[in-house]
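Chains as they are written, first to last, in full-length UniProt numbering: chain A, 1 to 124; chain B, 1 to 124. Here the structure comes first, spelled out in structure tokens, and everything after it is commentary.
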DNA sequence: TCCCATAGTTCGGAATTTCGGAACTATTGG
DNA sequence: CCAATAGTTCCGAAATTCCGAACTATGGGA
């Protein structure tokens, strides 16, 4: 299969990460990928709370996350496995993801995102 | 003078902060406001490196930062003083700003942004 | 007081980006 | 080979961003 484009960790830019996670849907998708043991099919992510995300949008969101360097996607048979590049990103930009994910998690008054705060170093 | 709109800290949303700082120009402007002792006229920010930012764009960038809850702007005579709402934002979203500013600072291979990493708690 | 200069905002249209339905491709099981 | 599933691509509509030009607000003279 097509070697889906993944930036090397040195090519990952902070603005791309912020842009990717500035969208609550994408942040929720990313949080979902992390929560689910770092591996998840796309279709399992197709709903944020009760809202359904059209699959073309979902595909696009996943692509944005991938090209920002946040996840690694790999085709397994007919489906796609995604895993967060947590450790790599954490090593390159210490504290960035923790800060962002915790910010969304502590903001449950608004659109719900992640479920609970996350400790660094526990993933990937 | 017009009571420029500033969100209360409880109304500040993570996605607004990420969106605001996902633009390297705005991140540089924000870093500039922090570096300069938290108070700076807009016009002093009108260049990022050697690139000149048109003033309508600058005005808009500052407005985005303000409405995201990142800075407080106040008219002093003919000019505008801006200060980072560092402590407030840090209290609401611990580690978020540090992570972001440090990410940009450690990324000086690309478009230059902030000058050096920042310790938490030293500002505002 | 009137006028000018300075600092910033608003307006408006062009360029860019995002969204999502419909059609398409890829892979597997039968 | 066919049908079903999972995801991607295409493309037009809607939303957003960019920035020059015109405008507003404030303070300092003369």
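Think of the CB as a built atom: it goes at the ideal place given N, C-alpha and C, for glycine as much as any other residue.
What does the alpha-carbon distance come out to for the pair residue i and residue j?
i	j	result
residue 24 of chain B	residue 19 of chain A	10 Å
residue 48 of chain A	residue 34 of chain B	36 Å
residue 22 of chain A	residue 52 of chain A	19 Å
residue 26 of chain B	residue 95 of chain A	21 Å
residue 8 of chain A	residue 61 of chain B	31 Å
residue 116 of chain A	residue 32 of chain A	Any reading at residue 116 of chain A must be qualified, since the residue scores a pLDDT of 43, below 50, and its modelled position is unreliable; no value is offered.
residue 39 of chain A	residue 36 of chain B	44 Å
residue 56 of chain A	residue 63 of chain A	11 Å
residue 98 of chain B	residue 6 of chain A	26 Å
residue 105 of chain A	residue 91 of chain B	14 Å
residue 121 of chain B	residue 77 of chain A	At residue 121 of chain B, the pLDDT of 42 sits below 50, so the modelled position is not reliable; the number obtained from the coordinates is stated separately. One C-alpha to the other measures close to 50 Å.
What do you reckon, are the CB atoms on residue i and residue j nearer than 8 Å?
i	j	result
residue 103 of chain A	residue 93 of chain B	yes
residue 41 of chain B	residue 10 of chain B	no
For residue i, which residues of its own chain have a beta-carbon under 7 Å away from its beta-carbon, when the five flanking residues on both sides are left out?
i	result
residue 1 of chain A	In this predicted model, residue 1 of chain A has a pLDDT of only 49, less than 50, meaning its place in the structure is not dependable; the value taken from the coordinates is given anyway. These residues qualify, in order along the chain: 75.
residue 70 of chain A	17, 20, 30, 84, 85, 89
residue 100 of chain B	21
residue 58 of chain B	42, 45, 46
Over what stretch of residues does the alpha helix (DSSP H) that includes residue i continue unbroken?
i	result
residue 41 of chain B	Segment: none, residue 41 of chain B is in no alpha helix (DSSP H) and carries neither H nor E.
residue 46 of chain A	Unbroken run through residue 46 of chain A: none, as it is neither H nor E.
residue 59 of chain B	55-68
residue 92 of chain A	86-92
residue 3 of chain A	First-last for residue 3 of chain A: undefined, no H or E at that position.
residue 99 of chain B	96-105
residue 25 of chain A	24-35
Output the boundary residues of the beta strand (DSSP E) element that contains residue i.
i	result
residue 10 of chain A	Counting along the chain, residue 10 of chain A falls outside any beta strand (DSSP E), and DSSP gives it neither H nor E.
residue 73 of chain B	71-76
Identify, in the order they occur along the chain, each residue of the same chain with its Cβ nearer than 6 Å to the Cβ of residue i, setting aside the five sequence neighbours on each side.
i	result
residue 73 of chain A	4, 66, 80, 82
residue 54 of chain A	none
residue 68 of chain A	16, 17, 20
residue 119 of chain B	Reliability of the predicted coordinates at residue 119 of chain B is poor, the pLDDT of 49 falling under 50, and no value is obtained from them.
residue 111 of chain B	Note that residue 111 of chain B scores 42 on pLDDT, short of 50, meaning its location in the model is unreliable; the coordinates nonetheless yield the value given after this. Cβ neighbours of residue 111 of chain B beyond the five flanking positions: 24.
Since I believe residue j is in contact with residue i (beta carbons under 8 Å), could you give me their beta-carbon distance rounded to a whole number of angstroms?
i	j	result
residue 107 of chain B	residue 13 of chain A	7 Å
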